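Q:
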Amino acid sequence: MKPNQEGLFQTKLVPSKEGSGRLFDEEQVTNDEPVTCLGLSFENDEARRAHFTEELRKKLRDPEFRKIEGFPIGDDEDILNLSDPPYYTACPNPWVQEFIAEWESQKDNIEDHHREPFATDVSEGKNDPIYNAHSYHTKVPHKAIMRFILHYTQPGDIVFDAFAGTGMTGVAAQMCGDRDVVLSLGYQVKPDGTILQEEVEEENGKKAWRPFSKLGARKAVLNDLSPAATFIAYNYNTPVDILSFKRTAKKIISDFEKKTTWMWETLHTDRKTLGKVNYIVWSDVYSCPECSGEIIYYKEAFTKNGGAVEFNPEFNCPHCNCSISKNPPKNSQAQKPARIFESAYDPITRAVTEKQKQVPVLINYSIGTRRHEKLIDSDDLLKATSIDVSDDLIKNIPFSEIIEGDKSADPFGCGVRHVHQFYTKRILASLSILADLTKGHPQLEFLVGSMLPKLTIMNRYMPQHGGRALVGPMANTLYVPPVSVENNVIDQLVFQFKKIIQALTSLSGSVITTQAAQSVDIQDSSIDYIFLDPPFGSNIMYSELSYIRESWLRVITNNKPEAIENKTQKKGIDEYRDLMTNCFEKAFKYLKPGHWMTVEFSNTKASVWNSIQNALSDAGFIVASVAALDKTRGGLHAMLGPTAVKQDLVISAYKPNGGFEERFQKEAQTEEGVWDFVRTHLKYLPVTKRQGPLMLFVPERDPRILFDQMVAYYVRKGYPVPISSQEFQIGLAQRFIERDGMYFLPDQVAEYDRKKMTSGAPQQLSMFVSDEASSIQWLRQLIREKPQTFSDINPQFMQQLGGWSKNEAQLDLRELLNQNFLCYDGKGPVPEQIHAYLSTNWKELRNLTKDDPALVTKARDRWYVPDPNKAGDLEKLREKALLKEFEEYKEVKKKLKIFRLEAVRAGFKKAWQERDYAVIVAVADKIPNNVLEEDPKLLMWYDQAVTRIGGE
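Letter by letter, the sequence shown follows residues 53 to 1004 in the working numbering.
1. Quick one: Cα of residue 217 to Cα of residue 330, how far?
2. Comparing the CB of residue 863 with every heavy atom of the ligand GDP, is any distance shorter than 7 Å?
3. Start and end of the alpha helix (DSSP H) containing residue 871?
4. Determine the burial state of residue 404: buried for a count of at least 16 other Cβ atoms within 10 Å of its Cβ, exposed for fewer.
5. Between which two residues does the alpha helix (DSSP H) containing residue 582 stretch?
6. Check whether the Cβ atoms of residue 598 and residue 614 sit closer than 8 Å, and answer yes or no.
7. Identify the continuous alpha helix (DSSP H) that holds residue 628 and give its terminal residues.
8. For residue 588, which residues of its own chain have a beta-carbon under 8 Å away from its beta-carbon, when the five flanking residues on both sides are left out?
9. Going straight from the alpha carbon of residue 865 to that of residue 948, what length do you get?
10. Leaving out the 5 sequence neighbours to the left and right, which residues in its chain are closer than 6 Å to residue 987 when beta-carbon positions are compared?
11. Would you report the Cα separation of residue 549 and residue 269, rounded to the nearest angstrom?
12. Measure from the alpha carbon of residue 170 to the alpha carbon of each residue in 944, 202, 308, 157, then state which is nearest.
13. To the nearest angstrom, how far is the alpha carbon of residue 800 from that of residue 734?
14. State the DSSP-derived secondary structure class of residue 250, mapped to helix, strand or coil.
15. Run the CB neighbour count on residue 461, radius 10 Å, all protein chains shown included, and call it buried at 16 or more, exposed below.
16. Are residue 706 and residue 758 closer than 8 Å when you measure CB to CB?
17. Please classify residue 466: is it buried, with 16 or more other beta-carbons within 10 angstroms of its beta-carbon, or exposed?
18. Go through the segment 719-786 residue by residue and report every complete run of the alpha helix (DSSP H) that reaches 4 residues or more, in order.
19. Could you spell out where the alpha helix (DSSP H) holding residue 201 opens and where it closes?
20. Can you list, in chain order, the residues of its chain with a C-beta nearer than 8 Å to that of residue 437? Leave out the 5 residues immediately preceding and following it.
21. Assess contact between the segment 490-501 and the segment 317-337, defined as three or more Cβ pairs (one per stretch) separated by less than 8 Å. Is contact present?
22. Bridge partners for residue 618 per DSSP, in chain order?
23. Taking the straight line between their C-alpha atoms, what separation do you get for residue 912 and residue 747?
24. With the cut-off set at 8 Å, would you say residue 412 and residue 334 are in Cβ contact?
25. Closer than 7 Å by C-beta to residue 983: which residues in its own chain qualify, once you throw out the five before and the five after it? Chain order, please.
26. By how many angstroms is the C-alpha of residue 370 removed from the C-alpha of residue 346?
27. Tell me which residue opens and which closes the beta strand (DSSP E) that residue 411 is part of.
28. Please report the Cβ distance between residue 234 and residue 241, rounded to the nearest whole angstrom; I am assuming they are in contact, meaning their Cβ atoms lie under 8 Å.
29. Using the C-alpha atoms, what's the distance from residue 129 back to residue 606?
30. Is residue 563 near residue 145, with beta carbons less than 8 Å apart?
31. With residue 951 and residue 861 assumed to form a contact (beta carbons below 8 Å), what rounded beta-carbon distance in angstroms separates them?
32. Exposed or buried, residue 395, counting other C-beta atoms within 10 Å across all chains shown (16 or more means buried)?
33. Reducing DSSP to helix, strand and coil, say where residue 682 ends up.
34. List the endpoints of the continuous beta strand (DSSP E) containing residue 288.
35. Can you list, in chain order, the residues of its chain with a C-beta nearer than 6 Å to that of residue 343? Leave out the 5 residues immediately preceding and following it.
36. According to DSSP, residue 565 sits in a beta bridge with which residue or residues?
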């Protein structure tokens, strides 16, 4: 494996560059110690790199190798220059499987991987040096990922992240071997490496420390489609000699200062004292729509009021006094100004280009430790407009043409068509010099890359925020503001150097590849745990936003297999779902049976949430837990229903063990297959969930959720469901143990009862009533806790109806109650549920028989949740009514605007059982597309029906 960081680098004296004023320079070189890599021995690390670079070069000449899905766009030499094979390749890594085989052979063969899904509170801030060293479109803090890895794995286990981004999963996997970092998570570590977490003692409710994991690094396979991402990941996951890096970086910073300090100097207002420029403010120049006079946006939109600066979205033209606004509101009299474009020869593209006119307006500078501001003077203006990249350094500047995409309208609108046009002349000149100095030093190129976002014209200047005027670029866009900041490159380099030095580590144990998630060369059933934070719908256009950084690296993302919704790429929700299903199918193959995958989800669109759920199920995974990661409170809370998509979610899914899969093939056509599935699934569900001291209801153990999971599994395996919902409810009650509306295995119920004794009854989650299904769920929750009369229920129910879905037919409360619940009419003994509630809450009703007149009087007209046998009878009647309505929908010729969603679900299920796939597709075409996409059950039936029709 990789050598230890202490001996990774050495320095040697080499002749200085001409004009430096020195005879010799100190150069960082790899060590001369022998190293072993993938079973091969080398004289030193440089020999290792040379050998594998040559092997990769041969691969790059193979046309079939370049056909691997997601192969990045770039020349062979640029890919080789970026790579450090076999640990990191800026293209598909041909050695991934060899590393996995080697790691697997080094294990102690301790195989006990039964785990409940992770269901503990998570609170990890983002103020960590590693997290903050290099910005990226989205990141999960490595300490948060550590908690999942410690829960699901043992030391030496292999973790896979197909959407690795900046490599935080690799950092987390390796940090699991760092005692101090593990302790910082609030755990305890015993001398033998056993890790303990604090839990509530079942017997007395007191807190106690329980073992749950072992100290030790895990191995990681990291992949991303983006070369920019994997290059960052490589630098986070590669051992560095910190002292040697410091020396080299400080020398380069010193050389850079000597070459560029003059660019960042200005005269003080006394016209004698020289000041250091901190930043320069640039403003767009517009044309008045009335008089065509030039308007310098900064001068008119911002006005000083005492010591503060105010922003005026509407202002008057300084020439004709007409009202101007860059974005006039609907009812405003203000007019939108026109852009002014300037034509100029571009020495980098060697062509005349047209760009939005911008002028420098303000300089913030320092003399000693004091800051000053002044308006641009003639000397400053001359310097700003006359600096250019020297001819011999133009080669260091990328001039790639910006690809057209969903985010390109902003730069295109102001004439920015090439990457270098995102920078001022002065910054380009500075960067061309810096690129020359850092060439061949991966960590220094990493350092330069970390400062690039703060150097573009996308950096906003908002003086109305006072001391926080430098707000940086707008996240996840290519927005070019009308007032921008040109930051001092030397200052940015020094600032980022201090951040990077805290983030570089001695970590090793990750292998990194650059390709599509679904094309990584991994043997089936060879990964112990998978953590994914994949793209979500149209949230972030990764390839477009990475394009600037990748142009500097000269290796670009191949966006064809990019799993996003993107109009320019002609990818909608269906294409996104197909791509994600493909990714999850490969993840399912890679994962060992009985092991877990965690998916972090962040999107507020229900259609995207349902696409992820369906993609997971289509791939073969079974979701055991969905929890909401509340970043404001830092808690992980169980969630269910449509409100889930309003928060970040953590999905815990498992790959069924091989024994169950084999049994299912034999039992699928029988009822025993159903109960084998339920029995196996219950093993993987959390026995309890907690929110602080409170015990929560576990929605995945609800009989309706269990039924839906079973149906989904059968449907996706292509088998008819052998029993009805009512038969399932009855069979569930006969075979498993019920507690508080949840079902358990015998050994689980004992644990549940013990924990309930110390924590009290589980808390039901609040939920929104938006349709028939959620109404029934809300009523069941209400009536189970407190059997009530219609007059008690009605006002509470009416308060819940604010957000009813516009396409959903609204049912009367009496109809909902009659079809789903029972009302005690005073005849016969009082039902157990009502009896238990009344005898608990009224002293005078305790110890009475169930037919006692006082008890009967108090219980009369109360609604209650029926037991499974009676519920089955009700369900049959309700299903008959639903199917009758579905028959009407089949006959309707026009689009359905208002309909009963439960009727469509029941109809789709019946049509599936009868293999009448055409009916499913026909009715689906009549309902609004957003309803289909946002309902997981309908989407499942529809997708499967389309697949079956296509295969017939």
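Ideal placement from N, C-alpha and C gives every residue a C-beta, glycine not left out.
Treat the numbers as computed from the prediction; the structure is a model and nothing was measured.
A: Looking at the coordinates:
1. Walking along the sequence shown from the start, residue 217 turns up at place 165. Walking along the sequence shown from the start, residue 330 turns up at place 278. Looking at the two C-alpha atoms, the distance is approximately 32 Å.
2. With respect to the ligand GDP, the structure shown offers nothing to examine, as it has no ligands at all.
3. For the purposes of this step, residue 871 is identified with residue 819 of the sequence shown, where counting begins at 1. Counting along the chain, the alpha helix (DSSP H) containing residue 871 begins and ends at 865-872.
4. One-based indexing of the sequence shown puts residue 404 at position 352. By the 10 Å Cβ count, residue 404 comes out exposed.
5. Indexing the sequence shown from 1 puts residue 582 at position 530. No alpha helix (DSSP H) holds residue 582; the beta strand (DSSP E) holding it covers 579-584.
6. On the sequence shown, position 546 is the one that residue 598 refers to. On the sequence shown, position 562 is the one that residue 614 refers to. Against a cut-off of 8 Å, the Cβ pair of residue 614 and residue 598 comes out as no contact.
7. As a first step, residue 628 is located in the sequence shown; it is residue number 576 there, counting from the start. Run containing residue 628: 625-642, per the alpha helix (DSSP H) assignment.
8. Reading the sequence shown from its first residue, position 536 is the one you call residue 588. Taken in chain order, the residues that qualify are 653, 654, 655, 660, 664.
9. In the sequence shown, residue 865 corresponds to position 813, counting from 1. In the sequence shown, residue 948 corresponds to position 896, counting from 1. Cα to Cα, the separation comes out at about 23 Å.
10. The residue you call residue 987 lines up with position 935 of the sequence shown. Correct list: empty, nothing qualifies.
11. Residue numbering aside, residue 549 sits at position 497 when the sequence shown is read from its first letter. Residue numbering aside, residue 269 sits at position 217 when the sequence shown is read from its first letter. Cα-Cα distance, rounded: 28 Å.
12. As a working note, residue 170 is residue 118 in the sequence shown. Comparing Cα-Cα distances from residue 170 to each of 944, 202, 308, 157, the minimum goes to 202.
13. Your numbering for residue 800 matches position 748 in the sequence shown. Your numbering for residue 734 matches position 682 in the sequence shown. So the two alpha carbons sit approximately 9 Å from each other.
14. Looking up residue 250 in the sequence shown gives position 198. Residue state, collapsed to three classes: strand.
15. Working through the sequence shown from its first residue, we reach residue 461 at position 409. Result: exposed.
16. For the purposes of this step, residue 706 is identified with residue 654 of the sequence shown, where counting begins at 1. For the purposes of this step, residue 758 is identified with residue 706 of the sequence shown, where counting begins at 1. Contact: no.
17. Within the sequence shown, numbered from 1, the residue matching residue 466 stands at position 414. It is buried - the Cβ of residue 466 has at least 16 other Cβ atoms within 10 Å.
18. 723-736, 755-769
19. Start at 1 with the first residue of the sequence shown, and residue 201 comes out as number 149. Its alpha helix (DSSP H) spans residues 194-204.
20. In the sequence shown, residue 437 corresponds to position 385, counting from 1. Answer for residue 437: 477, listed in chain order.
21. no
22. Counting from one through the sequence shown, the residue named residue 618 turns up at place 566. Paired residue(s): 623.
23. Residue mapping note: residue 912 aligns to position 860 of the sequence shown, counting from 1. Residue mapping note: residue 747 aligns to position 695 of the sequence shown, counting from 1. Distance between the alpha carbons of residue 912 and residue 747 is about 32 Å.
24. Here residue 412 is taken as the residue at index 360 of the sequence shown, counted from 1. Here residue 334 is taken as the residue at index 282 of the sequence shown, counted from 1. Going by C-beta atoms, residue 412 is nearer than 8 Å to residue 334.
25. The residue you call residue 983 lines up with position 931 of the sequence shown. Excluding residues within five positions, the ones whose Cβ falls inside 7 Å are 859.
26. Here residue 346 is taken as the residue at index 294 of the sequence shown, counted from 1. Here residue 370 is taken as the residue at index 318 of the sequence shown, counted from 1. Roughly 9 Å between the two C-alpha positions.
27. Here residue 411 is taken as the residue at index 359 of the sequence shown, counted from 1. Residue 411 -> beta strand (DSSP E) spans 410-419.
28. Residue 234 sits at position 182 when you count from the first residue of the sequence shown. Residue 241 sits at position 189 when you count from the first residue of the sequence shown. The Cβ separation is near 6 Å, so the contact holds.
29. Within the sequence shown, the letter at position 554 stands for residue 606. Within the sequence shown, the letter at position 77 stands for residue 129. Roughly 10 Å between the two C-alpha positions.
30. Numbered from 1 along the sequence shown, position 511 holds the residue referred to as residue 563. Numbered from 1 along the sequence shown, position 93 holds the residue referred to as residue 145. Yes, they are a contact pair.
31. Numbered from 1 along the sequence shown, position 899 holds the residue referred to as residue 951. Numbered from 1 along the sequence shown, position 809 holds the residue referred to as residue 861. Sure, about 6 Å apart at Cβ, within 8 Å.
32. The residue you call residue 395 lines up with position 343 of the sequence shown. When all chains shown are included, residue 395 counts as exposed.
33. For this step, residue 682 is matched to residue 630 along the sequence shown. For residue 682, the predicted structure reports a pLDDT of 47, less than 50, and the residue's modelled location is therefore unreliable. The matter cannot be settled from this model.
34. Here residue 288 refers to the residue found at position 236 of the sequence shown. Note, residue 288: premise wrong, no beta strand (DSSP E); alpha helix (DSSP H) at 279-288.
35. Within the sequence shown, numbered from 1, the residue matching residue 343 stands at position 291. 371, 372, listed in sequence order.
36. Looking up residue 565 in the sequence shown gives position 513. Partner(s): 275.
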